[in-house]
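Following: one structure in structure tokens, then a few remarks.
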Amino acid sequence: MWRDAALVAGKDLRVELRSRVTTNQVAPYAVLVLLLFGIAFDQDRPLLQQAAPGLFWIAVLLCCLLAVQRSFALEAGDGARDGLRLSGMDTGGIFVGKAAAIAVQLVGLEVLLAFGAVVLFGTDLRDPALLVVTALVATAGLAAAGTLYGVMAAGLRVRETLLPLLVMPVVAPVLLAATQAWRSALGQSTDGGWRWLGLLACFAAIYSTAGVLGFGTLLEEV
Amino acid sequence: MRSPTASRASRIVGLAALVTTAAVVVLGGWVSPPDEVQGPLVRLIYVHPALATYCYVGFGLSALGSLAYLWPRTRSRRWDRLAGASAEVGVVFCVGTLITGSIWGRASWGVWWTWDARLTLTALLLAVFLGYLALRRSGGEPDSRAKRCAVAALLCFIVVPIDHEATSWWSTLHQGDTIGKGILIHGLQLETMLLSFVSFGLIFTWMLLHRLALETLEDRFESEGVVAAIAERRAEGRVKAPVPPASVSAPAPASPPAGTSYRGEVKP
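Just so you know, the protein sequences line up as chains A and B, in that order.
Going by my numbering, 933 is the number at position 216 of the first sequence; the sequence numbering is gapless.
Going by my numbering, 261 is the number at position 228 of the second sequence; the sequence numbering is gapless.
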């Protein structure tokens with residue numbers, strides 16, 4: 718399974734690297750979202766600093782939707798999806814590979830967004846260990862849930878509008894827990910940030926397990 | 034006019050629902066005493082908990098139907114129809130729960146909405162099942178759609194136990210169960226509340242029976258086409274056969290045009 722996962726992740730990341738959609742389109746979009754938040758909050762710096770963790774994770778969530786849609790759009794042309802199904806690879810491995818590729822792209826975008834939040838909102842990053850661990854676990858959960866719902870919506874005529882409706886409510890616990898953990902890491906709350914990691918880890922574990930078990934059934938039906 | 038989704042069972046259940054609902058309205062609205070603290074506001078207890086309970090029942094049935102569909106030994110389109118119909122009725126009850134809860138919240142907490150764990154999770158529950166219903170309506174080959182919807186329903190159901198246990202796991206404004214580990218009301222209030230559960234159960238069953246019949250008709254419509262459905266209605270003598278003009282002699286097509294379904298999708 719892990720070998721197949723590495724093959725699929727490598728393939729998806731190579732396609733992204735060559736097409737440069739993430740760097741040329743999704744990354745500028747992510748920064749634009751941060752700018753729009755600044756405009757919407759009337760450049761009120763204290764308010765932006767207070768809301769920065771939530772705004773950061775909303776921006777990540779929006780980027781996640783784009784990354785998931787892109788990941789399954791790659792398989793739509795030239796019978797690539799049939800090729801994937803006929804390849805004989807472990808379906809759990811395909812799921813892990815696609816989720817890993819999405820997670821790698823999201824981590825890159827999160828670094829960019831964190832830099833943007835520091836520059837644009839004046840956010841002070843205090844507890845880097847908590848920030849990094851939260852980001853990694855939350856990204857794993859987002860990528861797993863996104864991949865699972867992405868394959869559900871793939872191949873449907875209404876996939877562009879259906880995917881946000883499916884994914885947004887499901888990933889609400891990630892938004893809540895990651896925001897709270899980051900608020901703690903930025904010194905905005907005395908609530909133990911590390912305890913929110915438990916919720917994030919549970920979420921990632923549930924959707925990763927569901928993905929490994931159910932992805933094959935869903936891929937057959939796309 | 035007779036409803037095409039009505040059956041003997043649905044008529045009996047509907048009548049029983051009507052009688053018990055009337056009894057709940059009379060008992061809950063006039064006969065049962067007001068609460069010492071909440072006054073007449075307590076009468077919402079004859080609506081809100083029953084709505085919430087049958088919302089969970091609807092989503093639970095949807096998950097059970099989905100599980101039975103995914104299990105190869107029990108795979109049948111009937112289970113898929115049960116999953117879809119019960120989720121839809123569950124969504125209606127969930128909306129009712131949120132509306133009645135909001136009215137109760139406004140009167141007792143002073144706000145229509147608060148970011149309490151129970152309320153937020155119920156709103157999320159509604160959102161995930163709305164997504165599920167959207168997925169059901171997204172078209173595609175019926176068996177393939179049924180399979181992907183079954184997986185989605187099982188994932189959506191994860192929220193139900195978390196929502197139910199929210200008042201125990203977190204400190205919430207929302208009170209715990211009135212009838213659960215202990216019974217917190219007595220006398221006529223308790224009897225009326227129990228009757229409300231019977232009444233809403235019958236309403237739920239009545240809606241589910243109609244929705245199941247509609248799902249069956251939709252499935253038949255999809256597989257056999259409108260022509261067969263009209264032919265059957267004519268055979269029942271409820272739809273008059275149109276008199277063809279003298280110049281037209283070609284018979285109506287017996288099946289949908291090849292490569293199309295009546296949901297307007299072009300089959301591959």
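We put the beta carbon where it would ideally sit given N, CA and C, even for glycine.
Predicted model, so just to flag it, every value in this text is computed and none were measured.
For residue i, the residue or residues it bridges with in DSSP
i: Asp68(B); result: Gly72(B)
Separation of residue j from residue i, as counted between CA atoms
i: Trp142(B); j: Ala39(B); result: 43 Å
i: His219(B); j: Asp196(B); result: 26 Å
i: Glu257(B); j: Asp176(B); result: 15 Å
i: Gly117(B); j: Asp841(A); result: 49 Å
i: Thr147(B); j: Ser204(B); result: 13 Å
i: Thr856(A); j: Arg41(B); result: 53 Å
i: Leu892(A); j: Ser43(B); result: 44 Å
i: Leu791(A); j: Val785(A); result: 10 Å
i: Ser232(B); j: Gly771(A); result: 44 Å
i: Leu221(B); j: Pro66(B); result: 8 Å
i: Leu801(A); j: Val725(A); result: 9 Å
i: Asn741(A); j: Leu916(A); result: 34 Å
i: Glu121(B); j: Gly91(B); result: 8 Å
i: Tyr102(B); j: Arg111(B); result: 8 Å
i: Gly809(A); j: Ala96(B); result: 23 Å
i: Asp799(A); j: Leu730(A); result: 20 Å
i: Ala160(B); j: Cys88(B); result: 13 Å
i: Arg76(B); j: Ala55(B); result: 15 Å
i: His207(B); j: Leu782(A); result: 33 Å
i: Ser282(B); j: Arg267(B); result: Confidence at Ser282(B) is low in this model, with a pLDDT of 44, below 50, so the placement of that residue should be treated as unreliable; the coordinate-derived value is given next. One C-alpha to the other measures close to 19 Å.
i: Leu779(A); j: Pro886(A); result: 13 Å
i: Thr851(A); j: Ser736(A); result: 30 Å
i: Leu100(B); j: Tyr924(A); result: 17 Å
i: Trp911(A); j: Ala898(A); result: 7 Å
i: Ile819(A); j: Leu826(A); result: 11 Å
i: Leu228(B); j: Val57(B); result: 7 Å
i: Gly72(B); j: Ala140(B); result: 11 Å
i: Asp908(A); j: Thr896(A); result: 12 Å
i: Glu174(B); j: Ile263(B); result: 23 Å
i: Glu265(B); j: Arg253(B); result: 12 Å
i: Arg178(B); j: Val64(B); result: 50 Å
Element boundaries [alpha helix (DSSP H), containing residue i]
i: Pro204(B); result: The question names Pro, yet the displayed sequence has Ser at residue 204(B). Ser204(B) -> no alpha helix (DSSP H), and no H or E assigned at all.
i: Ile756(A); result: Ala744 to Ala757
i: Leu48(B); result: Arg41 to Val59
i: His81(B); result: His81 to Leu103
i: Tyr849(A); result: Residue identity differs from the one stated: residue 849(A) is Val in this sequence, not Tyr. Unbroken alpha helix (DSSP H) run through Val849(A): Pro845 to Ala870.
i: Asp729(A); result: Trp719 to Ser736
i: Arg169(B); result: Ala150 to Arg169
i: Leu187(B); result: Pro175 to Phe190
i: Gln760(A); result: Unbroken run through Gln760(A): none, as it is neither H nor E.
i: Pro886(A); result: Arg876 to Val887
i: Glu673(A); result: Within the shown structure, residues of chain A are numbered from 718 to 939, placing residue 673(A) beyond reach of any answer.
i: Gly904(A); result: It is not in any alpha helix (DSSP H) - Gly904(A) carries neither H nor E in the DSSP assignment.
i: Ser309(B); result: The question about residue 309(B) has no answer here: the residues shown for chain B are numbered 34 through 301.
i: Ile218(B); result: Careful: Ile218(B) lies outside any alpha helix (DSSP H) and carries neither H nor E.
i: Leu801(A); result: Ala797 to Leu803
i: Gly62(B); result: Looking at the DSSP string, Gly62(B) is not in any alpha helix (DSSP H), and its letter there is neither H nor E.
i: Ile811(A); result: Thr808 to Phe838
Among the options, nearest to residue i - alpha-carbon criterion
i: Val777(A); options: Leu865(A), Asp841(A), Ala793(A) and Gly858(A); result: Gly858(A)
i: Arg170(B); options: Gly839(A), Ala861(A), Gly863(A) and Thr878(A); result: Thr878(A)
i: Ser804(A); options: Ala722(A), Leu893(A), Val738(A) and Tyr924(A); result: Ala722(A)
i: Asp113(B); options: Leu94(B), Val125(B) and Gly123(B); result: Leu94(B)
i: Thr934(A); options: Phe190(B), Glu224(B) and Val184(B); result: Val184(B)
i: Ser119(B); options: Leu206(B), Ala268(B) and Ile236(B); result: Ile236(B)
i: Gly246(B); options: Gly72(B), Leu115(B), Ile132(B) and Ala261(B); result: Note on identity: in this sequence residue 246(B) is Ala, with Gly being the wrong assignment. It is Leu115(B) whose Cα lies nearest to the Cα of Ala246(B).
i: Tyr165(B); options: Leu97(B), Val124(B), Val46(B) and Pro194(B); result: Val124(B)
i: Leu152(B); options: Glu255(B), Ser36(B), Pro73(B) and Cys127(B); result: Cys127(B)
i: Ala894(A); options: Leu848(A), Gly863(A), Val868(A) and Val929(A); result: Leu848(A)
i: Val875(A); options: Leu206(B), Ser109(B), Trp239(B) and Ala167(B); result: Ala167(B)
i: Leu853(A); options: Val824(A), Ala831(A), Tyr866(A) and Ala870(A); result: Val824(A)
i: Gly61(B); options: Gly138(B), Pro194(B) and Glu224(B); result: Glu224(B)
i: Gly863(A); options: Leu188(B), Pro37(B), Val260(B) and Arg108(B); result: Leu188(B)
Chain-ordered chain D contacts of residue i [CB-CB under 7 Å]
i: Ser171(B); result: The structure shown contains no chain D; its protein chains are A and B.
Near the ligand MN: residue i beta-carbon under 6 Å from a heavy atom
i: Leu166(B); result: Of ligands this structure carries none, so the ligand MN is not represented either.
**Asked** Do the segment 867-886 of chain A and the segment 899-907 of chain A touch if we need at least three Cβ pairs shorter than 8 Å?
**Response** no
**Asked** When the Cβ atoms of the segment 821-837 of chain A are set against those of the segment 790-797 of chain A, are three or more pairs found closer than 8 Å?
**Response** Here the segment 821-837 of chain A makes no contact with the segment 790-797 of chain A; the two share fewer than three CB pairs at distances below 8 Å.
**Request:** Taking 8 Å as the threshold, find out whether the segment 752-765 of chain A comes into contact with the segment 810-819 of chain A through three or more Cβ pairs.
**Result:** no
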